[in-house]
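So the sequence shown is numbered by this note's numbering: it starts at 516 and just counts up by one.
Read through the structure below, which is laid out as structure tokens, and then see the notes.
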Amino acid sequence: MAATVATPVTPTEHDPERCVSEEESRGAGVGAGAEAEESGQPQQTGLGAVSHSRLSKLPLARIKALMKTDPDVSLASQESVFIIAKATELFVEMIAKDALVYAQQGKRKTLQRKDLDNAIEAIDEFAFLEGTLD
């Protein structure tokens, strides 16, 4: 096995020959996009090209409708709806994983209400949910 030697990287001064001009970078991007189209792969140009609905597992229209049921909310931007959807997904995933521990202790693979109750009672983060399933 060969030994590797770590060498510190020091910042260098600006070298105009090593920098790619704006036109060259645009030309490289066009060429890469054309190659992706020819190979049948979808072309993605940053985060703006990806819609929020693909990143969320929950229906965004329904979440927006639920948000608008609050009298204090008159308008809800797409970004705010997406953030609420993503936070909800993460919350449900977290409580489900914690409840799964109690189901596995009971040698079961299916979550039951008592598993959620046990997770809510045992974990301080879920204290605000105590009594909500009654």
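In this text, a Cβ means the ideal position worked out from N, Cα and C, and glycines have one as well.
Treat the numbers as computed from the prediction; the structure is a model and nothing was measured.
| Asked | Found |
| --- | --- |
| Could you check whether I599 and A634 sit closer than 8 Å to each other, using their CB atoms as the reference points? | no |
| Using the C-alpha atoms, what's the distance from K629 back to K622? | 14 Å |
| Which whole-angstrom value is the C-beta distance of Q627 and A618, which I expect to be below 8 Å? | 7 Å |
| What three-state label does DSSP hand I599 in the structure shown? | helix |
| Thinking V573 and E604 are a contact (beta carbons under 8 Å), I'd like their distance in whole angstroms, please. | For the record, residue 573 in the displayed sequence is Leu; it is not Val. Between E604 and L573 the Cβ distance is about 6 Å, and since that is below 8 Å, they are a contact. |
| Quick check on N633: does DSSP put it in helix, strand or coil? | helix |
| Roughly how many whole angstroms lie between the Cα atoms of P586 and Q620? | 43 Å |
| So, with DSSP's three-state summary, where would you put V616? | helix |
| Hey, L631 and A642: beta-carbon distance below 8 Å or not? | no |
| So is A606 buried or exposed if we call it buried at 16+ other beta carbons inside 10 Å? | Note on residue identity: the sequence assigns Phe, not Ala, to residue 606. It is exposed - the Cβ of F606 has fewer than 16 other Cβ atoms within 10 Å. |
| Which residues in the same chain as F597 place their Cβ atom closer than 8 Å to its Cβ, once the five residues preceding and following it in sequence are excluded? | H567, L570, S571 and L575 |
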